[in-house]
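Residues in the sequence shown are numbered from 3 upward in steps of one, following the numbering used here.
In what follows, a structure is listed as structure tokens, so that the remarks can point back to it.
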Amino acid sequence: MSDTHLRLGVNIDHVATVRNARGGAYPDPLRAAKLAEEAGADGITAHLREDRRHISDADIDGLMEVLSVPLNFEMAATDEMQKIALRHKPHAVCIVPEKREERTTEGGLEVAREENRLAHFIAPLRDVGCRVSIFIAADQRQIEAAHRIGAEVIELHTGAYCDAHAEGRSDEAMRELEALREMSAFAHSLGLEVHAGHGLTYDTVQPVAAFPEVRELNIGHFLIGEAIFLGLTPAIAEMRRLMDEARA
Ligand code: PXP
Numbered sequence: 003m004s005d006t007h008l009r010l011g012v013n014i015d016h017v018a019t020v021r022n023a024r025g026g027a028y029p030d031p032l033r034a035a036k037l038a039e040e041a042g043a044d045g046i047t048a049h050l051r052e053d054r055r056h057i058s059d060a061d062i063d064g065l066m067e068v069l070s071v072p073l074n075f076e077m078a079a080t081d082e083m084q085k086i087a088l089r090h091k092p093h094a095v096c097i098v099p100e101k102r103e104e105r106t107t108e109g110g111l112e113v114a115r116e117e118n119r120l121a122h123f124i125a126p127l128r129d130v131g132c133r134v135s136i137f138i139a140a141d142q143r144q145i146e147a148a149h150r151i152g153a154e155v156i157e158l159h160t161g162a163y164c165d166a167h168a169e170g171r172s173d174e175a176m177r178e179l180e181a182l183r184e185m186s187a188f189a190h191s192l193g194l195e196v197h198a199g200h201g202l203t204y205d206t207v208q209p210v211a212a213f214p215e216v217r218e219l220n221i222g223h224f225l226i227g228e229a230i231f232l233g234l235t236p237a238i239a240e241m242r243r244l245m246d247e248a249r250a
């Protein structure tokens, strides 16, 4: 793959959400992950939440066994999750904030306020070879802190941009996009690899995909929803096409 290739990480959490609605075995997130691989996903992302509301421990065991592409393991910075990550040693670990009452990951991590603790938290993960990514808002202070604690990657939270776009607040969407553009370039200038994600859709993906510093997009909820209408393979293929078009 060339240096400029924009990777697509497909997040399969919400296949597990649908499965868990009935507590049974289907739809199987592992089957979705294999299909996503075949459809051109460069990686699979899964978030093992503290309350296990979608992905389960057994799903992570299974993904580690069956995947041919890298697993990006999203987790909160807790001792329990650190133990799980150290046992599996996934390709990448993305540290996300987690609040029990939230519907989804609402904001970026407060790295600046917790610098010391997070530096100690990620060191063992790096030691076993995981690429550590920090999920943060497009905020220079947080990016500088992520850099200082030794993260190799930051993932910029695109949720505020996507929400503003979806709700027709176009001036705000443009401002959020501009902040994402500036902060992608700033993080890159520090030597950080830049990823982005959260809430991206066919309508919002292209401006972010066009930022040359962004190397990976992680997209889940929209794709799994779209798969109901199109099937997972065509839904992913269309996202891939839009990303490539924006990048060209
Ligand atoms: N990136 C991170 C760090 C996330 O926490 C999530 C949601 O789990 C995503 C990307 C994907 O967001 P969405 O499911 O809205 O596409």
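Using N, Cα and C, we set each Cβ at its ideal position, and we do this for glycine too.
What are the partner residues of residue i, as DSSP defines its beta bridges?
i    : result
F137 : E157
C96  : E76, S135
R9   : E218
G45  : G11
Following the continuous alpha helix (DSSP H) through residue i, name the residue where it begins and the one where it ends.
i    : result
E240 : 234–249
A35  : 31–40
E82  : 81–90
G64  : 59–68
A19  : The sequence shown places Thr at residue 19, not Ala. Run containing T19: 15–24, per the alpha helix (DSSP H) assignment.
V210 : 207–211
H149 : 142–150
R128 : 117–129
For residue i, which three-state DSSP category applies?
i    : result
L50  : coil
E195 : strand
G227 : helix
R105 : coil
H190 : helix
E184 : helix
L111 : coil
R177 : helix
H167 : helix
A162 : helix
Inset, instruction - Examine the Cβ distances between the segment 230–250 and the segment 182–197 and report whether three or more of them are shorter than 8 Å. - result: Taking a contact to require three or more Cβ pairs closer than 8 Å, the segment 230–250 and the segment 182–197 do not qualify as touching.
Inset, instruction - Decide yes or no for the touch test of the segment 80–92 against the segment 102–118: beta carbon pairs closer than 8 Å, at least 3 of them. - result: Contact between the segment 80–92 and the segment 102–118 is absent, because fewer than three Cβ pairs lie under 8 Å.
Inset, instruction - Please determine if the segment 114–133 and the segment 170–177 are in contact, where contact requires at least 3 C-beta pairs separated by less than 8 Å. - result: Note that the segment 114–133 does not touch the segment 170–177; fewer than 3 beta-carbon pairs, one per stretch, sit closer than 8 Å.
Inset, instruction - Would you check if there are 3 or more beta carbon pairs closer than 8 Å linking the segment 64–75 to the segment 23–38? - result: By the Cβ criterion, the segment 64–75 is in contact with the segment 23–38, since at least three pairs of Cβ atoms, one from each stretch, lie closer than 8 Å.
Legend entry - the segment 195–205 in contact with the segment 18–29 per 3-pair CB rule at 8 Å: Fewer than three Cβ pairs drawn from the segment 195–205 and the segment 18–29 lie within less than 8 Å of each other, which leaves the two stretches out of contact.
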